[in-house]
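First residue of the sequence shown: 2, per the working numbering; consecutive thereafter.
Quick reminder that beta carbons are idealized off the backbone N, C-alpha and C, glycines included.
Because the structure is a prediction, the values reported are computed rather than measured.
Scroll down for the structure; my scribbles are underneath it.
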Amino acid sequence: MNTDHPGAKEELYAQESEFKILKILLPYIKNKTFIDVGAEKGSFARQLMEFGFTGTLFEPCPKHHPELMRLTENSGSLFFDFAIDKKDREASLHIAVDENGEPMDYYHSLHYLSDDSRVNHQKEIPVNCRSLESLLNEGIIGNDIGILKMDTEGNDLQVIQGMAGVLPEVLICEFFTQGLYAGWSAAAPEGLIAEVKNALGYDHYMAIKRLADFELISFGPAVFLEKQWGNLIFINNELYHGAFKELQQAVISSEKQIFEMAGKKDAQIRAVESQTEKQLTEKIDALYRVCEQRLELINHLTEEAEKRGEIIQQLDNKLRNSE
């Protein structure tokens with residue numbers, strides 16, 4: 002994930018840390034079913050389907066519909082073109098476009114970003130929004146859900162607020178901290194954590210936090226910094242306690258990698274500083290040699306001028322004597 006999310010977001014679930022946690026949890030999950038809210042190109046769904054899961058995919062962006070229909074055809078999984086929200090309603094989906102005005106793969110959102118140079122919401126299309134609660138009541142989805150993943154580009158909180166009665170074993174949502182996307186303030190991790198805990202009753206979560214080149218897996222309660230982004234993985238009690246030791250090893254491994262990476266960064270900085278100092282010394286030496294050469298040239302020119310002065314004086318004396 003270029004890990005610097007604003008520039009070029011990678012496919013979310015091609016990221017190593019998310020899959021490290023999911024692979025630990027998969028053997029403990031009872032229900033081999035999933036819901037993918039904001040399926041995008043289907044990378045998350047495809048991975049779970051390869052593990053034997055069947056699911057229900059939701060993606061309102063038309064660009065991704067052909068690929069998702071191919072993915073779910075004759076698979077036992079289903080695809081719907083709804084946007085998932087707090088309640089059933091009609092809304093506008095803001096389409097992110099590239100410099101040529103073509104729809105991008107990501108950043109399409111129900112929340113408009115007006116002043117973000119990294120995301121250009123030039124277009125919008127009407128979409129039908131549904132809540133998970135209403136889909137559950139209509140029987141479109143069930144409540145025997147192993148994993149519910151959401152990636153709605155700033156709308157995850159509203160999805161959570163509209164999922165009463167839907168209690169997956171694992172719930173994954175995306176967060177952005179202050180200073181990253183001003184128009185997506187509802188994606189702050191503190192609000193997501195409070196809503197999931199209070200409304201849905203989850204006591205345990207893990208946070209995968211990214212900032213620049215650094216990535217850290219931690220248990221909740223987690224501390225967040227400005228301009229961080231990542232995912233929160235909420236886990237029900239039975240699953241959490243069953244997989245705890247393996248999850249703990251993943252956290253320890255992540256912390257170790259951070260220290261190793263920090264050490265490498267420090268060594269790189271020291272190497273650059275050393276190289277810079279060496280280059281500066283070489284430049285000073287070269288400049289000193291140039292100054293010496295120029296001083297020597299000035300001395301030569303001075304001597305030559307003095308000799309010319311003597312010759313001119315001699316010629317002048319001869320002219321006077323001849324008169």
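- Note on geometry: alpha-carbon atoms of V171 and N121 lie some 33 Å from one another.
- Beta bridge pairing from DSSP links E125 with H95.
- Of T57, A97 and E91, the smallest CA-CA separation from K64 is found for A97.
- In this structure, DSSP gives C174 an extended state, which the three-state scheme calls strand.
- Counting along the chain, E51 sits inside the alpha helix (DSSP H) bounded by residues S44 to E51.
- When secondary structure is reduced to three states using DSSP, M207 falls in the strand class.
- Bridge pairing for I161: absent [DSSP].
- In the DSSP secondary-structure assignment, E139 is not bridged to any residue.
- For E103, the three-state secondary structure derived from DSSP is coil.
- For C130 and F260, the gap between their C-alpha atoms comes out near 44 Å.
- Under DSSP, D286 forms no beta bridge with any residue.
- In this chain, the beta strand (DSSP E) harbouring F35 covers T34 to V38.
- The shortest C-alpha to C-alpha distance from K24 to any of Q229, G221, N300 and I234 is the one to I234.
- If you ignore the 5 residues before and after K124, its C-beta comes within less than 7 Å of the C-beta of I96 and V98, all in its own chain and listed in chain order.
- Contact between the stretch 160-167 and the stretch 194-205 is established, with three or more Cβ pairs separated by less than 8 Å.
- A straight line joining the alpha-carbon of E311 with that of R295 spans about 24 Å.
- The alpha-carbon of D37 is positioned some 28 Å away from that of G102.
- Taken through DSSP and simplified to helix, strand or coil, N232 comes out as strand.
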